[in-house]
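Residue numbers (full-length UniProt numbering): 1 to 126.
Just so you know, even glycine gets a beta-carbon here, dropped at the ideal spot from N, CA and C.
Just so we're clear, the structure is a prediction, and the values are computed from it rather than from any experiment.
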């Protein structure tokens, strides 16, 4: 499919015969296959929102409000402004947001997630 789309464009899915969309070894069985529209419908209907900064602006490298995941995990040059939150806090943030709507991320949101993480995971001394 990738080669067909690269050569003929994404509309190929709609105008090409099913047999021509299948790999050669399946051509004899083309009548067993049916072109579906439901997958594309689901992709568009259950899309995702944008990642916004804490001011509600879409994150963008050109705007300078983009946080590199490595900086979020390891901290920036100025640890006071960009502390290290670690991979677990970033994972917890990602798994806790409603991905179908716009989500915000920034120091305040990450501090809240960090507090939840620290207070939810019991630490045992050995």
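Residue i versus residue j - alpha carbon distance
i: residue 101; j: residue 62; result: 23 Å
i: residue 26; j: residue 12; result: 18 Å
i: residue 4; j: residue 36; result: 17 Å
i: residue 110; j: residue 90; result: 8 Å
i: residue 48; j: residue 117; result: 25 Å
i: residue 107; j: residue 96; result: 16 Å
i: residue 15; j: residue 74; result: 49 Å
i: residue 132; j: residue 9; result: In the structure displayed, the chain extends from 1 to 126; residue 132 sits before or after that span and is not available.
i: residue 72; j: residue 24; result: 47 Å
i: residue 69; j: residue 1; result: 32 Å
i: residue 120; j: residue 80; result: 24 Å
i: residue 22; j: residue 115; result: 51 Å
i: residue 122; j: residue 88; result: 14 Å
i: residue 7; j: residue 98; result: 36 Å
i: residue 78; j: residue 17; result: 58 Å
For residue i: DSSP bridge partner residues
i: residue 80; result: Paired residue(s): none; residue 80 is not in a bridge.
i: residue 52; result: 58 and 104
Same chain, Cβ closer than 7 Å to residue i, neighbours up to 5 away in sequence not counted
i: residue 65; result: 53, 57 and 59
Beta-carbon contacts of residue i that lie in its chain and below 8 Å, excluding the five residues immediately before and after
i: residue 93; result: 105, 109, 110 and 113
Limits of the alpha helix (DSSP H) - the one that residue i falls within
i: residue 4; result: 2-8
i: residue 20; result: 18-21
i: residue 70; result: 69-74
i: residue 90; result: 86-96
i: residue 15; result: 12-15
Spatial neighbours of residue i in its chain, beta-carbon cut-off 6 Å, leaving aside the 5 residues before and after
i: residue 76; result: 82
i: residue 50; result: 58 and 102
> Hey, is the stretch 26-37 in contact with the stretch 83-90, meaning 3+ C-beta pairs nearer than 8 Å?
Replying inline: no
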